[in-house]
Amino acid sequence: MEKEIIENSLNINRRKFLSRMSLGLGSVALGSLLMPDLFSGGADAEAASFMPGLPHFAPKAKRVIYLFQNGAPSQLEMFDYKPKLREMFGQELPASIRMGQRLTGMTANQAKFPLAGSYYDFKQYGKSRAWISDLFPHTAKIADDICIVKSMFTEAINHDPALTFFQTGAQQGNRPSFGSWMSYGLGSENKNLPAFCVLLSRGKGNGQGVYSKLWSNGFLDSIHQGVQFSSGDNPVLYLNDHSGIDKVNRRKMLDKLAELNDMSYQQFGDPEINTKIQQYEMAYRMQTAVPDITDVSKEPDDVIKLYGPDCLVPGTYAANCLLARKLSENGVRFVQLYHQGWDQHGNLPKEMAGQAKDVDQASAALITDLKQRGLLDETLVIWGGEFGRTNYSQGKLLADNYGRDHHPRCFSIWMAGGGVKSGIVHGETDEFGYNIVQDPVHVHDFHATCLHLLGLNHEKLTYKSQGRRYRITDLAGKIVPGIIA
Amino acid sequence: MKFKVKSVAENILFASNIFILFLVFFQEKVVLPNWLQAVGRMHPMFLHFPIVILLIAMFMEFFRFRPQNISQEHYRNFSSNFLLLGSLSASVTVIMGLMLSKESGYTGDTVFWHKWTGIGIVFIASFVYWYRNEKWYKESLAKISALITAVCLMIAGHLGANITHGEDFIFAPLMSHKAEEMVSIDKAEVFAHVIKPILEKKCQSCHNPEKAKGGLLLDTPENILKGGKTGKLFLAGKPNESLILQRIHLPEEDKKHMPVAGKPQLSKIETDLIYWWIKSGAVFNKKVLQLSEKDTLRILAAKILVPVEKEEEHYDFASADEKTIEKLSNNYRVIYPLAQESPALEATFYNKTQYSSKALEELLELKKQVVELNLNKMPVKDADLKTIAQFENLRTLNLNFTDINGEGLSHLTNLKFLKSLSVSGTKVSLKSIQALKAIKSLREVFVWSTGLSVTDIAQLQKQSGSQMAFIAGYKDDGKSPMKLNTPIVLNKTMVFSDTMHLVLKHPIPGVEIRYTLDGSNPDSVKSPVFRKELVLNQTTLFKAKAYKKSWYGSDSIVYNFYKSSYKPDSIALEEPAVEKYSGDDGVKTLINGYVGNIVHNDGKWLGFQNKDMEVKMQFLKPIELQTVSFHFLSNLGSEIYPPVEVQVWGGKDKNHLKLLKTIKPNAPVKGQSAFSFMSVCNFPKSNVEYLKLVAVSVKKEPSWGNQPNKPGWLFVDEILLN
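Chains V and R are the protein sequences, given in the same order. Following the UniProt record's numbering, the numbering of the first sequence begins with 1 at its first residue and continues without gaps. Following the UniProt record's numbering, the numbering of the second sequence begins with 1 at its first residue and continues without gaps.
Written out as structure tokens, the structure reads:
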């Protein structure tokens, strides 16, 4: 009897459980109607529909030229005009502005934070009346072609993590570079050249190193790695045949090598082996394409005057800008320039003048040159560093000499061409140039927007590695509609 | 006791019924003291009680006559008490509402119906309460009354919400797509599409015909111009004297600040827009594009309006067969879709040598699908344009640096969709370009670096109006010449033993290099022109400058080329140099032919500190020596000093060397900037096999030095023997 009572109560519980359960499930089902993504198949279905190598939707830009100003140029001597800092020259940075925010070890122990106004004057240019300093007279002339973003901010406060963050979307490294993601997402246009090329130059200012990890393919197929072009007689290392080997021999050797590699692939199935075969083939085609591209002797006088005489001196920023145009014109998806020497902790007025002179004319020339060839509409040009610089002086403040420390909370970059609104200024900083007061743009937002212009959905451009999917924007990134034309 | 409370409540209900009647009849004449206004403003809070309580009470009333309910005392008491409480709270709410409606700005249909449904609720509920125990009060009447009350509650509640939150508060999210429809800048009017939406979003919830707070209505231009009780809203052209901006700019705590604290505030750009609209005269029927391009109002408006609507490309042709695309694609003719699932294709040709007219004709298999064709730098002839004209859906055509002269451009007039054409770097003529005017869809023509002159392009632009843009690009007008960069010396060493073949180059073609050997500055006319190479046979000071027509001459380059007739067969230092500055070639750095510049740490210098430099040389055959020159560095900022004394010892027996010469270089002067110099020791001709050269370093920096009394540095680089 007792057993039956227990049984009965258990049955009641079971019945209760089942009916409650069905009710519960019913409400969950009802609630789930409010979650549109739930039944759309999840990540795997999405991945299956994603086909790398083609834009997700019609792109506005097909190519990118990224003019990276390595070392972090001071926004306060370029585009972020702050008369207040001149008015309050030498006075202490108000604590209400700094709000106890983090500083680098280089100035954290400074007893004073004297505000330093720009040594250089500013004037307004273009239809947006953008303020541009006298250090950039050529950039001022193209004010109507560019979009100045004054409200960039980043998370890192030191060069290497900040640079790595800008280039790969993560501070730690080992992730694919922006150019590699693009090569992966869009494929290469010209099969005779790499989709991602890197050019280095160095100014006389205090410099910071750049390392090949910045153009690494990370976990992507190594065909997406950036290829560095150098300034010497061999722009691409190991490309030329050894003396005594002619084209016919080279071809035979490559054919045999491909056979061997193919056998190896059949045996092990490692996709990197196929990549290797493709790379040998591309290198062979590059043997004719590269000398043609790096030859600047046929450039007309007007082009030389446009970029400035240094554009024919290999290894200069101007020469790299000219080369970048030639590579881009020939279908290279992503050309990455680095110009070093922008780390002005001291001696800023003098060093910045030199750095600006290195890059101003050629940067502006690149825009004009792309425009007159009808290529600006389909090329996205980006100009900027990894973070900004402080509004107070690092070290002693003199009327004609001061330095600025790293400042990640606001800095200026400019963009031009493919799909970017031209002749506008986006975002605003406070009157001290310390914090952003309007339209902040995070590095992830910047990547999301660039990818959008290239016809790629940053949330769908993923790659699975070590058990998880990666994006360049990690789990963040919002498109900035304000700068899209 | 309980009964007593209930009777008190009944009395209050009765009193309030009467009070409501009074208020309704004498509405116009009633004037409320301030403290009662506060009571009235509690209406939006209090109204929630009667809604809930009455709904429950009416629910119970509806089922009251069911046998199982009517017999229960509990049910009877409960429903009666609830009904009383509900009627009472409804009365209080209505009284408060009537008081609130006395405040300015509550007029219009919504308020009217809200008021009368509310009053209706009170009287129906009271009626039910008073008469529900009468004999004639039957089930049907109970049900009808309950239903009517419930419906009235719904209506009054909804209308009230509309008054507080604005019309269509509930359905706005459903209609948002329609409401948020953006107007592109080319169609937008300043008032209708820029200013009005701000008023609608931020002001009209209080200043509308239903609820004209402050007597102000912002629904039509007329009402806006009329202003409210406080006066006119603005003075056209004078934003600083305009009431609307004054109210907006008051601190948010201020009672008169608008919008009222707690409501959505105006953003900076919205305030600016209103400011500039008033400043520009507050006109109601101007289009945004009628404002001048530099007008602040237009620039601000452009920020919030959608840019000119892009004609979204629609491709109404079918996709090509993938196999055809694959068949036609190769490394030099690249074809791919514009985007995933797009039927439109882009085709690009690479490598001149791989191009042929036939390669282009083969592509005609895709003549419907190719919308972008890139033939940059291919040897395309005018005849090929006939082929190109068959790509009927072509949008973008790049013919930069092709071999066309323009005669074939007239074929392109067939292309109904062509939008962008690039012929930069070709030999097209003005006449041939004019044929393009027939292409109505064409928007951009790139004609940089063609045969067209600046005036030609200006003329073309004038003829075709704003529909078609001709992009001329950069052409040097010769008005602002630039400075050439300096010539480059190709020789790697600056020191020679016999003769030197000096070779120069300049990166820019067509440059003339002029030079001097006498230390004077090169001149663009008088100085000799450098050709191929120059043979030097003695130590020379060389200066050169680059010149070219329509450029400014370069800076001078200054080089010293040194003759050193002899090289020792062995060389050794008595004491090694400081490791960091021990030279790229070790001790041989002193005789390797590379002369250092003022950069002391580039591996071309040997550095000594607290020690003298003492170097020994041996010659297998005796040499006739007359001069020994030392290259030293002075850089006071880096504590580098010239030597105090230089000694030359020589002879045929290494144990019995003779002091041939001693000199004392000039001591440095405080504040001197960095420089390098040659110390030359001349002495009568001597035959030597062994040499010992000594440079005595500064052991104590002078008192004005960087580190007084500490040992200074000595930097030595090349030693010349003649």
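Using N, Cα and C, we set each Cβ at its ideal position, and we do this for glycine too. Model, not experiment: these values are computed from the prediction.
query	result
Endpoints, the alpha helix (DSSP H) within which V128 of chain R is located	109 to 131
CA-to-CA distance, L312 of chain V to D403 of chain R, given in whole angstroms	26 Å
Beta-bridge pairing of V198 of chain V - partner residues as DSSP gives them	V:Q228, V:Q336
Reference T473 of chain V, options V:D439, V:D262, V:A170, V:P440, closest by Cα	V:A170
Proximity test, Cβ basis, 8 Å: F57 of chain V and chain R	yes
Below-8 Å beta-carbon distance, D653 of chain R vs any chain V residue	no
According to DSSP, residues forming a beta bridge with F632 of chain R	R:F677, R:V716
At least three beta-carbon pairs within less than 8 Å, the segment 683 to 703 of chain R to the segment 612 to 631 of chain R	yes
DSSP three-state assignment for K226 of chain R, whether helix, strand or coil	helix
Any chain R beta carbon closer than 8 Å to E189 of chain V	yes
In DSSP terms, what V445 of chain R is bridged to	R:L421, R:F470
Bridge partner(s) assigned by DSSP for F82 of chain R	Answer is none; F82 of chain R lacks a bridge partner.
DSSP-derived helix/strand/coil call for F49 of chain R	helix
Backbone secondary structure at F153 of chain V - three-state DSSP	strand
Cross-chain neighbours of S422 of chain R in chain V, by beta carbon under 7 Å	R373, G374
Residue from R:P702, R:L235, R:T220, R:N405 with nearest C-alpha to T450 of chain R	R:N405
As assigned by DSSP and simplified to three states, the class of F165 of chain V	helix
H631 of chain R burial status per 10 Å Cβ neighbour count (16 or more: buried)	buried
Those runs of the alpha helix (DSSP H) which lie wholly inside the segment 325 to 400 of chain V and span at least 4 residues	348 to 372
Minimum Cβ-Cβ distance from A43 of chain V to chain R less than 8 Å	Bear in mind that a pLDDT of 44 at A43 of chain V, under 50, signals an unreliable position, so the model cannot answer this.
Collapsed DSSP secondary structure at N682 of chain R in the structure displayed	strand
Boundaries of the beta strand (DSSP E) in which L257 of chain V is found, first to last residue	Not the beta strand (DSSP E): L257 of chain V falls in the alpha helix (DSSP H), residues 247 to 268.
Secondary structure, alpha helix (DSSP H): runs of 4+ residues fully inside the segment 344 to 406 of chain R	357 to 362, 384 to 388
Exposure of K427 of chain V, with buried meaning 16 or more beta-carbon neighbours within 10 Å	The question names Lys, yet the displayed sequence has Gly at residue 427 of chain V. G427 of chain V should be labelled buried.
Straight-line Cα distance separating Q647 of chain R from L657 of chain R	12 Å
First and last residue of the uninterrupted beta strand (DSSP E) at P337 of chain R	333 to 337
Where A572 of chain R sits in the DSSP three-state scheme	strand
Backbone secondary structure at R468 of chain V - three-state DSSP	strand
Sequence-distant residues of its chain with Cβ nearer than 8 Å to P55 of chain V (five each side left out)	G185, L186, L454, G455, L456
Residues within the segment 443 to 475 of chain R neighbouring chain V, beta-carbon criterion of under 8 Å	E444, F446, W448, S449, I471, A472, G473, Y474, K475
A546 of chain R in three-state terms, based on DSSP	strand
Rounded Cβ spacing between K303 of chain R and E189 of chain R (contact assumed at less than 8 Å)	That pair is no contact at about 16 Å.
Assumed close pair I508 of chain R, L484 of chain R - CB separation to whole angstroms, cut-off 8 Å	7 Å
Reduced DSSP category for Y307 of chain V - H, G, I as helix; E, B as strand; rest coil	helix
Buried versus exposed call for S703 of chain R [16 or more other C-beta atoms within 10 Å across all chains shown]	exposed
CB of Q91 of chain V within 8 Å of CB of L76 of chain V, strictly	no
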